[in-house]
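S.K.: Have a look at the structure that comes next, please.
Protein chains in written order, with UniProt numbering: chain A, 1 to 550; chain B, 1 to 550.
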């Protein structure tokens, strides 16, 4: 505990560390240090280090060589030329697991259940040129430490340097879940776009992949290939089993779990193309009476046949992903769709069940199916708040309609993920997509700024006991008006904002965060991610000068 | 006149033409037609056609070959395969000037004064495979016709086809000015980004280039190179004279005039880096008291030396551009900056002038300087509405603060360009850029949707006589939060919206426009412009199905 106290004291007097997310405990100095031209990263104490750890080391070395990011100061570092020239050279970073740690790959650890992940690390960089050291209790922690190490350096005429040595960083996340949701059903994203997003997500540990929806079914599910062959936008706009394995392994090697979602029983219109028998109110008109978005269509949840089909589909889809969690959705259920569906009405009458009773039976069945194959269910908040559905205690709820609903979910006793539209929806405020909508603004105006999500308090209105139910949070990109052309510019650097709230903890100062977020943007651009500028460059080079009242 | 009547009658019964902007008069049929594999475009009746016209023909042929745009229907055209296979083949498009037309290049005609441009054309494509014809009174008109021709075709398995022959199109713009403003001072854009924007702008005839501002001075002005060498963000973030010539000629060959702006007397802080004697309240703090944006700084308008300097600078800058118009800005003048500036107060006292009288003298001087080199002045609306400044009758005002101010400008008798923030500001609604601004929303929320700008009425609240003062309008991109990474996604296809209002005329139906705007987006992407999707692909393929109440 003494170390932490010391570091906390140092914190008050040391300059801002240009690292995102900001480590939980750190100190920096004021000594220039540069990377030796022969700088290397060595993994110590392991006879055969996991391949993905070796790859992460190689990737970090490549970033260090290729970032070529100039310091965000007016002269871009030129006035530090003498200091950099005269600086001690750092020859190496030594990476090692603590002696008690079990040796597992990053990829194995990344897909551990949410609460079981170990992501902390300790990074020490002396100012005298002696070897830097990175230690952790897990390869996942080592990976997080490498990510931090890779952000500490600037370029000046070919020298890779810092002015802030020595560094002492002791870090671990405030919350175990930091996610990003991507919808690949409204519009399709090639695998390369998803991989580029995963590269940018390195401190976000979950890709919540909303892979299919009413509009298209791009996921090729073994045993259910008719869904994608009839439901994908085209034969090339699919995710084959090889694509999924590629994405999952690419993600896992970067410390990211892919938590897939097949939304049920709503948002399933597209299934009718191959299985019309399972879908009620298929493309019914006017769609506003049958669904929140066109096209309408919901799984016939009162049908035993449809329930079996759905259970088998979910099990087959879940088998594609090593993730311990899998989302069955459950948002925006439309009662009118079922009220007008003769088949559902006949099923309900025969079973003497209400719609909610049928939903309970359906949900229990599909969740049991997932549990049988080792998966923990994730649901949107309505399944906890609005419907009297029996859920296993370990079910995770996604709070999306309003951040105010987190307290309601907590009262029900379920663990949950913050994903509220009023803070974290990346698509809001960019104009509405519904046709013949005169002014065309979006339903969740205004635009959710990075400042807004950065100000989020994950435990607002929660009791001490309820606070333990918060697993973390995430930004979300629904893609009605997004595609490969604007993916990066909508997501980055904004989605980094929530990642810091849930890694470093809430309560950060937006004024102090902005310069570091500029660093994120500029470094991302150097790495091929089309992050946007948050200010005129004049401001980005002069922290605070463009603040209100500066 | 008979031809128009016939076409107008036809209009009511023919399907939507997937062309943007929609021609003023047209008819289409229902006969399939494909381009012959040996299809060519020939320029007739000219011994040596202008080189830029030949280049435009070559470019159109390249687009026709490379666009490979599938029809936006659910089966992407597959069900038309037999019709396409059996279709007559179009061998050629014959392009010619009317016999009375004077032969000038597109580039010469593009930089004619605003009211003098001739952009109409007549395009006829028979359904029987006989040659299509394009005629116009100007090469600029021929270029517009080629742009239309290049949008009529889809791809199906390598065939380039339409299902809507014959076409009879008689077209000319409703307003002579359709612009797009780009700010290259808050953040810098490489020449390649500007050229890509010019390629996408083919029916927008003016790039209003807000090239410098308080934050940076990227324009290399002969005789004033110290401004860019001290004021550009870096030595590489400049527009050299060769760059400007490249941009200007690239634009002109595409029918676009580059109307540059050096904003005065405000927005000039950066000039103090090389000429501190000319700038009042340089980087004064708090900036909110001295400027609408940091950094503060305004030209010392009461100084004869500063007035001479500014006049010479504007003349030298204007000489870089063949445009007949040049903007001297004039927005957001801050009186407090001058009230607190001892030098300005001394000058005013010595001359026994009020600030407004000094502004009048200053403005008359700089405008006379421009007039002496053949340039017509353009100003932001404050110079007409807020300040008692003497302006030449041919001065053009840019209405930006509010569309409601158009009527006020019209009452003063000046021609004007619609550029109002409440309809046409592309940067609104994307979050604010000022630091320490807790929720961080933008000053001109909400986001201006394409539907909003499409609904704009250019002659609202104007008398019949005042209506003649409307030159046209434009979208504008201020780049506090824009750079090369999000230029395309902010601008396209949204900026096409105003272009149609001011070419085709106002009053268009957003429901009918949306499918054509999808075509713009998808065709742009094929041509390398990162336009965004406006709807889920499911909707884009099914016009009307995602309308409210569909």
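Ideal Cβ positions, reconstructed from N, Cα and C, are used throughout, including at glycine.
Remember, it's a predicted structure, so these values are computed and weren't measured experimentally.
1. Would the segment 373-386 of chain B count as touching the segment 429-436 of chain B if we require 3 or more Cβ pairs under 8 Å?
2. For residue 35 of chain A, does the three-state DSSP call read helix, strand or coil?
3. Alpha carbon to alpha carbon, what distance is there between residue 190 of chain A and residue 366 of chain B?
4. Three or more C-beta pairs under 8 Å: does that hold for the segment 99-114 of chain B against the segment 251-258 of chain B?
5. Hey, how far is the Cα of residue 186 of chain A from the Cα of residue 240 of chain A?
6. Say whether the segment 160-168 of chain B touches the segment 33-42 of chain B, bearing in mind that this needs 3 or more beta-carbon pairs closer than 8 Å, one atom from each stretch.
7. Can you list, in chain order, the residues of the segment 78-106 of chain B whose Cβ is nearer than 8 Å to any Cβ on chain A?
8. Name, please, each residue of chain A whose Cβ falls closer than 7 Å to the Cβ of residue 430 of chain B.
9. Could you tell me which residues DSSP puts in a beta bridge with residue 415 of chain B?
10. How big is the Cα-Cα spacing for residue 295 of chain B and residue 345 of chain B?
11. Pick from A:88, A:412, A:276, A:459: whose alpha carbon is nearest that of residue 128 of chain A?
12. Of all the residues that make up the segment 181-215 of chain A, which are near chain B by a beta-carbon distance shorter than 9 Å?
13. Give me the chain A residues within the contact set of residue 480 of chain B, using Cβ-Cβ distance strictly less than 7 Å, ordered along the chain.
14. From residue 482 of chain B to residue 210 of chain B, what distance separates their C-alpha atoms?
15. Among B:192, B:193, B:223, which has the Cα closest to the Cα of residue 315 of chain B?
16. What is the residue span of the alpha helix (DSSP H) that residue 452 of chain A lies within?
17. Give the residues of chain B in contact with residue 451 of chain A, contact being defined as C-beta atoms less than 7 Å apart.
18. For residue 267 of chain B, which of helix, strand or coil comes out of DSSP?
19. Along the beta strand (DSSP E) that carries residue 259 of chain A, what are the first and last residues, could you check?
20. Determine the closest residue to residue 148 of chain A out of A:18, A:313, A:357, A:310, with distance taken between C-alpha atoms.
21. DSSP puts residue 474 of chain A in a beta bridge; with which residues?
22. Are residue 532 of chain B and residue 486 of chain A touching if we call contact CB-CB under 8 Å?
23. Can you give me the Cβ contacts of residue 258 of chain A inside the same chain, cut-off strictly under 7 Å, excluding the 5 residues immediately before and after it?
24. Determine whether the beta carbon atoms of residue 389 of chain B and residue 416 of chain B lie at a separation below 8 Å.
25. What does the Cβ neighbour count give for residue 276 of chain B, buried or exposed, with the cut at 16 atoms within 10 Å?
26. Rounded to the nearest angstrom, what separates residue 519 of chain B and residue 498 of chain B at their Cα positions?
27. What three-state label does DSSP hand residue 618 of chain A in the structure shown?
28. Leaving out five residues before and five after residue 54 of chain A in sequence, what residues of the same chain have Cβ atoms less than 8 Å from its Cβ?
29. Any idea if residue 334 of chain B is buried or exposed, counting beta-carbon neighbours within 10 angstroms, 16 or more meaning buried?
30. Please confirm whether residue 530 of chain B has its beta-carbon closer than 8 Å to some beta-carbon of chain A.
31. Around the C-beta of residue 40 of chain A, are 16 or more other C-beta atoms found within 10 angstroms, so that it is buried, or is it exposed?
32. For the beta strand (DSSP E) holding residue 18 of chain A, just list the boundary residues, first then last.
33. Taking its Cβ as the centre, do 16 or more other Cβ atoms sit within 10 Å of residue 68 of chain A, making it buried, or is it exposed?
34. Just to check my reading of the structure: residue 480 of chain A and residue 536 of chain B have Cβ atoms closer than 8 Å, yes? What is that Cβ distance to the nearest angstrom?
35. Do residue 200 of chain B and residue 492 of chain B have their C-beta atoms within less than 8 Å of each other?
36. Using a Cβ cut-off of 9 Å, pull out every chain A residue sitting near residue 68 of chain B, in sequence order please.
M.R.: Answer, in terms of the structure:
1. no
2. Counting from one through the first chain, the residue named residue 35 of chain A turns up at place 35. Residue 35 of chain A falls in the strand class under three-state DSSP.
3. Counted from its first residue, the second chain places residue 366 of chain B at position 366. Counted from its first residue, the first chain places residue 190 of chain A at position 190. One C-alpha to the other measures close to 54 Å.
4. yes
5. As a working note, residue 186 of chain A is residue 186 in the first chain. As a working note, residue 240 of chain A is residue 240 in the first chain. If I take the Cα positions, the gap works out to 18 Å.
6. yes
7. none
8. Taking the second chain and counting its residues from 1, the one referred to as residue 430 of chain B is at position 430. The answer, in chain order, is 447.
9. Residue mapping note: residue 415 of chain B aligns to position 415 of the second chain, counting from 1. The partner list for residue 415 of chain B (beta bridge, DSSP) reads B:396.
10. Within the second chain, residue 295 of chain B is the residue found at index 295, counting from 1. Within the second chain, residue 345 of chain B is the residue found at index 345, counting from 1. Spanning the two alpha carbons is a distance of roughly 21 Å.
11. If you number the first chain from 1, residue 128 of chain A lands on position 128. It is A:88 whose Cα lies nearest to the Cα of residue 128 of chain A.
12. 185, 186, 187, 188, 213, 214, 215
13. Along the second chain, one-based indexing puts residue 480 of chain B at 480. The answer, in chain order, is 535, 536.
14. Numbered from its first residue, the second chain carries residue 482 of chain B at position 482. Numbered from its first residue, the second chain carries residue 210 of chain B at position 210. Each residue's alpha carbon lies about 14 Å from the other.
15. Position 315 of the second chain, counted from the first residue, corresponds to residue 315 of chain B. Per the Cα distances, B:223.
16. Taking the first chain and counting its residues from 1, one reaches residue 452 of chain A at position 452. Note, residue 452 of chain A: alpha helix (DSSP H), 450-454.
17. Translated into the one-based positions of the first chain, residue 451 of chain A becomes position 451. Near residue 451 of chain A (Cβ distances below 7 Å), the residues of chain B are 437, 438, 439, 440.
18. Within the second chain, the letter at position 267 stands for residue 267 of chain B. Reduced to three states, the DSSP call for residue 267 of chain B is coil.
19. As a position in the first chain, residue 259 of chain A is number 259, starting the count at 1. From DSSP, the beta strand (DSSP E) with residue 259 of chain A extends over 257-261.
20. Walking along the first chain from the start, residue 148 of chain A turns up at place 148. Nearest option by C-alpha distance: A:18.
21. Sequence index remark: in the first chain, residue 474 of chain A carries index 474 (1-based). In DSSP, residue 474 of chain A forms a bridge with A:179.
22. What you label residue 532 of chain B is simply residue 532 of the second chain in a count that begins at 1. What you label residue 486 of chain A is simply residue 486 of the first chain in a count that begins at 1. Their beta carbons are under 8 Å apart, which means residue 532 of chain B touches residue 486 of chain A by this criterion.
23. Stepping through the first chain from its first residue, residue 258 of chain A is reached at position 258. Excluding residues within five positions, the ones whose Cβ falls inside 7 Å are 207, 209, 247, 248, 251, 321, 323.
24. Here residue 389 of chain B refers to the residue found at position 389 of the second chain. Here residue 416 of chain B refers to the residue found at position 416 of the second chain. Cβ atoms of residue 389 of chain B and residue 416 of chain B: not closer than 8 Å.
25. Translated into the one-based positions of the second chain, residue 276 of chain B becomes position 276. When all chains shown are included, residue 276 of chain B counts as exposed.
26. As a working note, residue 519 of chain B is residue 519 in the second chain. As a working note, residue 498 of chain B is residue 498 in the second chain. When rounded, the distance between both Cα atoms is 16 Å.
27. Because residue 618 of chain A is not part of the residues shown, which for chain A are 1 to 550, the question remains open.
28. Numbered from 1 along the first chain, position 54 holds the residue referred to as residue 54 of chain A. Within the same chain, residue 54 of chain A has close Cβ partners 43.
29. For the purposes of this step, residue 334 of chain B is taken as residue 334 along the second chain, with counting starting at 1. With 16 or more other Cβ atoms within 10 Å, it is buried.
30. Here the question's residue 530 of chain B lines up with position 530 in the second chain. Yes, its Cβ sits closer than 8 Å to a Cβ of chain A.
31. Residue mapping note: residue 40 of chain A aligns to position 40 of the first chain, counting from 1. Flag for residue 40 of chain A reads exposed.
32. Reading the first chain from its first residue, position 18 is the one you call residue 18 of chain A. Where residue 18 of chain A is concerned, there is no enclosing beta strand (DSSP E), given that its DSSP letter is neither H nor E.
33. Against the first chain, residue 68 of chain A aligns to sequence position 68. Looking at its Cβ environment, which holds fewer than 16 other Cβ atoms inside 10 Å, residue 68 of chain A is exposed.
34. Taking the first residue of the first chain as 1, we reach residue 480 of chain A at position 480. Taking the first residue of the second chain as 1, we reach residue 536 of chain B at position 536. With 8 Å as the limit, residue 480 of chain A and residue 536 of chain B qualify as a contact, their Cβ atoms being about 5 Å apart.
35. In the second chain, the residue the question calls residue 200 of chain B occupies position 200. In the second chain, the residue the question calls residue 492 of chain B occupies position 492. Result yes, Cβ atoms of residue 200 of chain B and residue 492 of chain B sit closer than 8 Å.
36. If you number the second chain from 1, residue 68 of chain B lands on position 68. Residues of chain A passing the Cβ test: none, with the nearest at roughly 13 Å.
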